[in-house]
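Asks:
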Amino acid sequence: MNILKKKQHYVPQFYLKSFCDESGKLTAFCPKQNEFKKIAPNNICFEKNLYETPTSDCNEGSVSYINCNYIENIFGKYEGDFASLQRKILAVGTEKNKNALILHSNEKKIFFHFVANMLVRNPVSMEKMGIDSLSDDFKETEFYVETTHKLKEMGKSEVDSIILFILKSLCLTNEYSNDGLDLLIEEISKIDYCFLVAKEREFITTDHPVCFENDLFNKTENSNSLYMALSPYVAVLFGNYNDLRSMRNRMILISEDIVNNFNQSILKNKHYYHWIIAHSQSAIEKAIKE
Numbered sequence: 000m001n002i003l004k005k006k007q008h009y010v011p012q013f014y015l016k017s018f019c020d021e022s023g024k025l026t027a028f029c030p031k032q033n034e035f036k037k038i039a040p041n042n043i044c045f046e047k048n049l050y051e052t053p054t055s056d057c058n059e060g061s062v063s064y065i066n067c068n069y070i071e072n073i074f075g076k077y078e079g080d081f082a083s084l085q086r087k088i089l090a091v092g093t094e095k096n097k098n099a100l101i102l103h104s105n106e107k108k109i110f111f112h113f114v115a116n117m118l119v120r121n122p123v124s125m126e127k128m129g130i131d132s133l134s135d136d137f138k139e140t141e142f143y144v145e146t147t148h149k150l151k152e153m154g155k156s157e158v159d160s161i162i163l164f165i166l167k168s169l170c171l172t173n174e175y176s177n178d179g180l181d182l183l184i185e186e187i188s189k190i191d192y193c194f195l196v197a198k199e200r201e202f203i204t205t206d207h208p209v210c211f212e213n214d215l216f217n218k219t220e221n222s223n224s225l226y227m228a229l230s231p232y233v234a235v236l237f238g239n240y241n242d243l244r245s246m247r248n249r250m251i252l253i254s255e256d257i258v259n260n261f262n263q264s265i266l267k268n269k270h271y272y273h274w275i276i277a278h279s280q281s282a283i284e285k286a287i288k289e
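Going by numbering that gives the first Met the number 0, the first residue of the sequence shown is number 0, and it counts up by one from there.
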C-alpha cells in the first residue's frame, strides 16, 4: 500500500542542515510575528500534501490523490545526488582552493538541476507558474484539448485532475526529456557562476532560498543575477557579465561588507518568504539592523 507522505518539504532537509548549530537546530525568524525560533529542519519549510493532486470527486471527509507521493518520491531520488554534491562544494570552500575549478562534467549538470529544483518546488514559485489549478486560458490550449480527448477515449473520468497532475510533473521534475524542468536547467547552465566564501560574517537564507537581484558585488554594469546561500559561509552566484565570467566555477573570497550586501538582497524580497533562516540569531539580527 502506498502510504501518503503528508509532510512535504519545499526546502529539502539536507540543505537546511547546513545552517544547523551543534544541537542540530537552526535559527528561524518570522518577520510577521517578530519571533525567533530554534527549530529542527524536519519541522520547518513544509506543507501538507503540497505536491499532491486531489481527484475531482473528493469531499471534505475523504480525499484521494492522483498517483500519491509521485513527485515527493522523485525529489527524494534527486536529493541524494544534490546532498553529496553540496557536501563536496562546502568541503572545498576554503581560501587555498580559490584557483581550483570546483565542479567537473556531470557534477555541473547535477548542480544546475539542484538550483532549478530549489527554485520551482517552492509554493510561491508554484503559484506563479499556475500549477495549483487549471485556468480558463489553459483549458483553451491545444495541449489541454488534445489530452482531454485522449483521456476520455481511454475511459478516464478524472480528466482535469489527471491533466493537473501531468502539468505539475512536467514543471517540477525532469522525468520527461526536453520538457518542463529540463528547459530551466538548460537556461541555468548557460549562465556564468562562481562560489562566494565569507571571511567572517555569515550568509543568511530564507524559506525561498533562490534570490533574483542585481549583484551588489558588481557596480560597473547592469548585473541581474541569481543567488543562493549554500551554508553560513558559502554561496553561489549566477550572472552573465564580464566580472563573473573571469571567475567562473571558482571560489572567491569576499569581505564582510559584500556578505552583508547579499544578505540585504535576500531581505528585500519580502513577498517571497515567511522565514529568515541562519546558523545563529546574531547573523539575522545584524542583517535586519543594517
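No residue lacks a Cβ here, since even glycine has one placed at the ideal position from N, Cα and C. These numbers come from a predicted model, not from an experiment.
So does the stretch 112 to 130 actually touch the stretch 157 to 175, counting three or more Cβ pairs closer than 8 Å?
Replies: yes
Asks: Between the alpha carbons of residue 193 and residue 144, how many angstroms are there, rounded?
Replies: In the sequence shown, residue 193 corresponds to position 194, counting from 1. In the sequence shown, residue 144 corresponds to position 145, counting from 1. Across the structure, residue 193 and residue 144 are spaced so that their CA atoms are roughly 44 Å apart.
Asks: Count the other C-beta atoms from every protein chain shown that fall within 10 angstroms of the C-beta of residue 99, then say buried if there are 16 or more, exposed otherwise.
Replies: Here residue 99 corresponds to residue number 100 of the sequence shown, with the count starting at 1. The residue in question, residue 99, is exposed, as its Cβ has fewer than 16 Cβ neighbours within 10 Å.
Asks: Going residue by residue through the stretch 178 to 237, where are the continuous alpha helix (DSSP H) segments of at least 4 residues, counting only ones entirely within it?
Replies: Within the stretch 178 to 237, the complete alpha helix (DSSP H) runs of at least 4 residues are 180 to 188.
Asks: Based on the DSSP output, what are the partners of residue 6 in its beta bridges?
Replies: Along the sequence shown, one-based indexing puts residue 6 at 7. DSSP, once it has assigned bridges, lists 47 as partnering residue 6.
Asks: Run through the DSSP bridge pairs and tell me what residue 70 is partnered with.
Replies: On the sequence shown, position 71 is the one that residue 70 refers to. Paired residue(s): none; residue 70 is not in a bridge.
Asks: Looking at C-alpha atoms only, which residue of 26, 17 and 9 is the closest neighbour of residue 283?
Replies: Counted from its first residue, the sequence shown places residue 283 at position 284. Residue 283 has its Cα closest to that of 26, out of 26, 17 and 9.
Asks: DSSP puts residue 26 in a beta bridge; with which residues?
Replies: One-based indexing of the sequence shown puts residue 26 at position 27. According to DSSP, which records beta bridges pairwise, residue 26 is partnered with 37 and 277.
Asks: Going by Cα to Cα distance, which pick from 259, 268 and 267 is closest to residue 286?
Replies: Within the sequence shown, residue 286 is the residue found at index 287, counting from 1. Nearest option by C-alpha distance: 259.
Asks: Go ahead and pull the three-state DSSP assignment for residue 252.
Replies: Translated into the one-based positions of the sequence shown, residue 252 becomes position 253. Strand, per DSSP.
Asks: Going by CA-CA distance only, name the one from 22, 41, 155 and 289 that's closest to residue 12.
Replies: The residue you call residue 12 lines up with position 13 of the sequence shown. Checking every option, the nearest Cα to that of residue 12 belongs to 41.
Asks: With contact counted as at least three CB pairs below 8 Å, one residue from each stretch, are the stretch 223 to 235 and the stretch 27 to 35 in contact?
Replies: no
Asks: Taking residue 237 and residue 224 to be in contact with their CB atoms under 8 Å, please state how far apart those CB atoms are, rounded to whole angstroms.
Replies: Mapped onto the sequence shown, residue 237 falls at position 238. Mapped onto the sequence shown, residue 224 falls at position 225. Rounded to the nearest angstrom, the Cβ distance from residue 237 to residue 224 is 6 Å, consistent with a contact under 8 Å.
Asks: Does the Cβ of residue 252 have 16 or more other Cβ atoms within 10 Å, making it buried, or fewer, making it exposed?
Replies: Within the sequence shown, the letter at position 253 stands for residue 252. Exposed, because fewer than 16 other Cβ atoms sit within 10 Å of the Cβ of residue 252.
Asks: Which value, in whole angstroms, describes the spacing of the CA atoms of residue 254 and residue 202?
Replies: What you label residue 254 is simply residue 255 of the sequence shown in a count that begins at 1. What you label residue 202 is simply residue 203 of the sequence shown in a count that begins at 1. If you take the alpha carbons of residue 254 and residue 202, they lie about 12 Å apart.
Asks: Check each candidate in 68, 199, 29 and 198 and name the one with the smallest Cα separation from residue 8.
Replies: The residue you call residue 8 lines up with position 9 of the sequence shown. Of 68, 199, 29 and 198, the residue nearest in Cα terms is 68.
Asks: Under the DSSP definition of a beta bridge, which residues are partnered with residue 64?
Replies: Within the sequence shown, residue 64 is the residue found at index 65, counting from 1. Answer is 53, bridged to residue 64.
Asks: Residue 163 by DSSP, collapsed to three states: which one?
Replies: Working through the sequence shown from its first residue, we reach residue 163 at position 164. Residue state, collapsed to three classes: helix.
Asks: How big is the Cα-Cα spacing for residue 160 and residue 206?
Replies: Numbered from its first residue, the sequence shown carries residue 160 at position 161. Numbered from its first residue, the sequence shown carries residue 206 at position 207. Each residue's alpha carbon lies about 28 Å from the other.
Asks: Kindly indicate which residue of 46, 191 and 170 has the alpha-carbon position closest to the one of residue 73.
Replies: As a working mapping, residue 73 is identified with position 74 in the sequence shown. With distances taken between CA atoms, residue 73 lies nearest to 170 out of 46, 191 and 170.
Asks: For residue 188, collect the residues of the same chain with a Cβ closer than 6 Å to its Cβ; drop the 5 residues on either side in sequence, then sort them by chain order.
Replies: On the sequence shown, position 189 is the one that residue 188 refers to. Once the five neighbours on either side are set aside, the close Cβ partners of residue 188 are 111.
Asks: Over the uninterrupted alpha helix (DSSP H) stretch that includes residue 105, give me the two end residues.
Replies: Here residue 105 refers to the residue found at position 106 when the sequence shown is read from its first residue. Going by DSSP, residue 105 is part of the alpha helix (DSSP H) stretching over 104 to 119.
Asks: Measuring alpha carbon to alpha carbon, tell me which of 4, 2, 15 and 3 ends up nearest residue 275.
Replies: Here residue 275 is taken as the residue at index 276 of the sequence shown, counted from 1. Considering only 4, 2, 15 and 3, the residue with the shortest C-alpha distance to residue 275 is 15.
Asks: Taking only the alpha-carbon atoms, compute the straight-line gap between residue 183 and residue 79 and give it to the nearest angstrom.
Replies: For the purposes of this step, residue 183 is identified with residue 184 of the sequence shown, where counting begins at 1. For the purposes of this step, residue 79 is identified with residue 80 of the sequence shown, where counting begins at 1. Taking the straight line from one Cα to the other gives about 21 Å.
Asks: Would you mind sorting residue 52 into buried or exposed? The rule is 16 or more other CB atoms within 10 Å of its CB.
Replies: The sequence position of residue 52 within the sequence shown is 53, counting from 1. Buried, because 16 or more other Cβ atoms sit within 10 Å of the Cβ of residue 52.
Asks: What are the boundary residues of the alpha helix (DSSP H) that residue 12 is part of?
Replies: For the purposes of this step, residue 12 is taken as the residue at position 13 of the sequence shown. It spans 12 to 16 - the alpha helix (DSSP H) in which residue 12 sits, taken as one unbroken run.
Asks: According to DSSP, is residue 173 helix, strand or coil?
Replies: For the purposes of this step, residue 173 is identified with residue 174 of the sequence shown, where counting begins at 1. Reduced to three states, the DSSP call for residue 173 is coil.
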